[in-house]
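Numbering (our numbering), first residue to last: 876 to 1362. From the three backbone atoms N, C-alpha and C, an ideal C-beta is built for every residue, glycine too. Structure first, then comments.
Structural data, given as structure tokens:
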């Protein structure tokens, strides 16, 4: 995973570095200069305009300017605090005005025109973060340039991956300049991480080893139940029991959209939470999902609360299940002994806490996780997963194609499937969000339905899961080499 550090955390990391700040600035300038030369595709005859502030960010830009001049680039350094309104035309502009600590509005001059193409602006390279983008929240203070490429130092900053700031950063490169970021409490999830988290089925597995129970839907709202159950199957569940309170199994599983592999199990229209927890075979299940499409009748709310309080299974709570908890969620979840995953979008977050999530979305997810003891998956353009200990993961995969009815039901079912297959709860939530986004990426950018994700998920899973099958035996075996002594 790629570490993410807040501006305050990064300041402490800088302060703790054994090297003097001048050495760190030279390393940062070197990283900027190397990226600039790649963007310029050469050096001699090229012109670069550097917009440099008075702090360390500006010092990074000036260090890059010195290196570029030594390579034959003609560089104009412009003072960000007292520069002209019109910047000289260039083949490239470097934004080194202000870094992640900027809190006041800043509006730079208009970007310089591209040399030889006055109808276009020059490509822009940002140092650490585009000036004016809040390093903690991604908010825009003033009028930030939109960079084509951003080189950030040591670790990602939240503002680089949270919106709207993420839209101003272009391609982001993390340059290692010798800083120790091992203590970072947040990380960006990558495809390699997800591949490592995908549970493999052992050779002796059978369907009950990975069984899950989906309780979702209501009369007239069975689509959510079907999407969630199908996603659980795609997520690794070998057996899915599907129940919609008040609906008999034959009605639930009829129709062309029904997952034919799911096993219908009727639950009464009322007091179904107690009935489900009291099922004789509940111990055979490895996870449970409650909430999608259940509705919000008072008897449904009480049934959800009864189930949440008494279920011994790892539990994913989504949609109307979250509404049933409301602001009582901390009390209702306090005594649960098995893991709980909450999956709110911003509106559901307000229902659970009484307030909209703050602009610091990492803090928002951590706060709810701390209050409830649950793992919180806060949905958004960048999804944040956090636990009560303050560990957080960001998933920046996927785009607005997912903004359509039913995709949340697919995500909830996918988390439940991964849980049933043995993934650690926080990894299950983060991996499901990444797979969900990647499945959306494979679909056309126009009309997409949530059920399209179900078609794409096996392909996406296969593309990142390169492990041999569990039954494959090595052709030869040698004992592992003894560990060498630390130097």
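Going by the DSSP bridge assignment, what does residue 1055 pair with across the sheet?
Its beta-bridge partners do not exist; DSSP assigns none.
In three-state terms, what does DSSP make of residue 1325?
Correct three-state label for residue 1325: helix.
Helix, strand or coil: which one does DSSP assign to residue 1268?
Residue 1268 falls in the strand class under three-state DSSP.
Could you check how far apart the C-beta atoms of residue 1000 and residue 1022 are, in whole angstroms? I think they sit under 8 Å.
That pair is a contact at about 7 Å.
Give me the Cα-Cα distance between residue 1131 and residue 1190, rounded to the nearest whole angstrom.
With a pLDDT of 48 at residue 1131, under the threshold of 50, the modelled position of that residue is not reliable, and no figure is offered here.
Since residue 1220 is in the beta strand (DSSP E), which residue starts that stretch and which ends it?
Element bounds for residue 1220: n/a, residue is neither H nor E.
Look up residue 1351 in the DSSP assignment and say whether it is helix, strand or coil.
Because the pLDDT of residue 1351 is 37, which lies under 50, any placement of that residue in the model is unreliable, and the number read from its coordinates should be weighed accordingly. Residue 1351 falls in the coil class under three-state DSSP.
In chain order, what are the residue ranges of uninterrupted beta strand (DSSP E) at least 3 long that sit wholly in the region 1199–1256?
Listed in chain order, they are 1215–1217 and 1250–1253.
For residue 947, count neighbouring C-beta atoms within 10 Å of its own C-beta (all shown protein chains included) and say buried if the count is 16 or more, exposed if not.
Its Cβ having fewer than 16 others within 10 Å, residue 947 is exposed.
With burial defined as no fewer than 16 other Cβ atoms inside 10 Å of the residue's Cβ, what is the status of residue 1345: buried or exposed?
At residue 1345 the pLDDT is 43, less than 50, meaning the model places this residue with poor confidence; the figure from the coordinates comes in the next sentence. By the 10 Å Cβ count, residue 1345 comes out exposed.
Fully enclosed by the region 970–1009, which beta strand (DSSP E) runs are 3 residues long or longer?
Runs of the beta strand (DSSP E) inside the region 970–1009: 992–996 and 999–1002.
What distance in whole Å lies between the Cβ atoms of residue 1019 and residue 1008, which are believed to be in contact at a cut-off of 8 Å?
The Cβ separation is near 5 Å, so the contact holds.
Determine the extent of the alpha helix (DSSP H) in which residue 953 is found, giving its start and end residues.
Looking at the DSSP string, residue 953 is not in any alpha helix (DSSP H); the run it does join, the beta strand (DSSP E), is 949–954.
Does DSSP put residue 1359 in a helix, in a strand, or in coil?
Only weak support exists for where residue 1359 lies, its pLDDT of 31 falling under 50; the value from the coordinates is given anyway. Reduced to three states, the DSSP call for residue 1359 is coil.
Can you tell which of 1180, 1136, 1187 and 1164 has its C-alpha closest to the C-alpha of residue 1155?
Among 1180, 1136, 1187 and 1164, the Cα nearest to that of residue 1155 belongs to 1187.
In terms of residue numbering, what span does the beta strand (DSSP E) encompassing residue 937 cover?
That residue, residue 937, is in no beta strand (DSSP E); its alpha helix (DSSP H) goes 931–945.
Which residue from 1318, 1054, 1148 and 1163 puts its Cα closest to that of residue 1108?
The shortest C-alpha separation from residue 1108 is found at 1163.
Mind reading off the beta-carbon distance from residue 1090 to residue 1184? Whole number of angstroms is fine, and I expect it under 8 Å.
Wrong, their Cβ atoms sit about 15 Å apart, outside the cutoff.
Output the boundary residues of the beta strand (DSSP E) element that contains residue 1088.
Note, residue 1088: beta strand (DSSP E), 1086–1090.
So the candidates are 894, 1248, 1032 and 1178; which of them puts its Cα closest to the Cα of residue 1120?
The option with the nearest alpha carbon to residue 1120 is 1178.
Going by other Cβ atoms of all chains shown within 10 Å of its Cβ, with 16 needed for buried, is residue 1206 buried or exposed?
So residue 1206 counts as exposed.
What would DSSP say about residue 1101, mapped onto helix, strand or coil?
In this structure, residue 1101 counts as helix in the three-state DSSP scheme.
Please look up how many angstroms separate the CB atoms of residue 911 and residue 896, rounded, as I've assumed it's under 8 Å.
With 8 Å as the limit, residue 911 and residue 896 do not qualify as a contact, their Cβ atoms being about 22 Å apart.
Would you list the residues sitting across from residue 879 in a DSSP beta bridge?
Answer is 1031 and 1061, bridged to residue 879.
Sort 1093, 1122 and 1140 by Cα distance to residue 1115 and report the nearest one.
Nearest C-alpha to residue 1115: 1140.
Do you know offhand how far residue 1296's Cα is from residue 975's?
Going by the C-alpha atoms only, they are around 41 Å apart.
Between residue 1197 and the ligand NAP, is there a pair consisting of the residue's CB and a ligand heavy atom that are separated by less than 7 Å?
You won't find the ligand NAP in this model; it holds no ligand whatsoever.
Quick check on residue 1284: buried or exposed, where buried means 16 or more other Cβ atoms within 10 Å of its Cβ?
It counts as buried.
What three-state label does DSSP hand residue 1139 in the structure shown?
If DSSP states are grouped into helix, strand and coil, residue 1139 belongs with the strands.
Would you mind working out which of 891, 1192, 1172 and 1064 sits nearest residue 878, comparing C-alpha positions?
Considering only alpha carbons, the answer is 1064.
What residue range is occupied by the uninterrupted alpha helix (DSSP H) comprising residue 1282?
1282–1295 is the span of the alpha helix (DSSP H), which, as asked, contains residue 1282.
Rounded to the nearest angstrom, what separates residue 1182 and residue 1117 at their Cα positions?
Roughly 15 Å between the two C-alpha positions.
For the candidate residues 1030, 1336 and 1047, whose alpha-carbon lies nearest to that of residue 1056?
Of the candidates 1030, 1336 and 1047, the one whose C-alpha sits nearest the C-alpha of residue 1056 is 1030.
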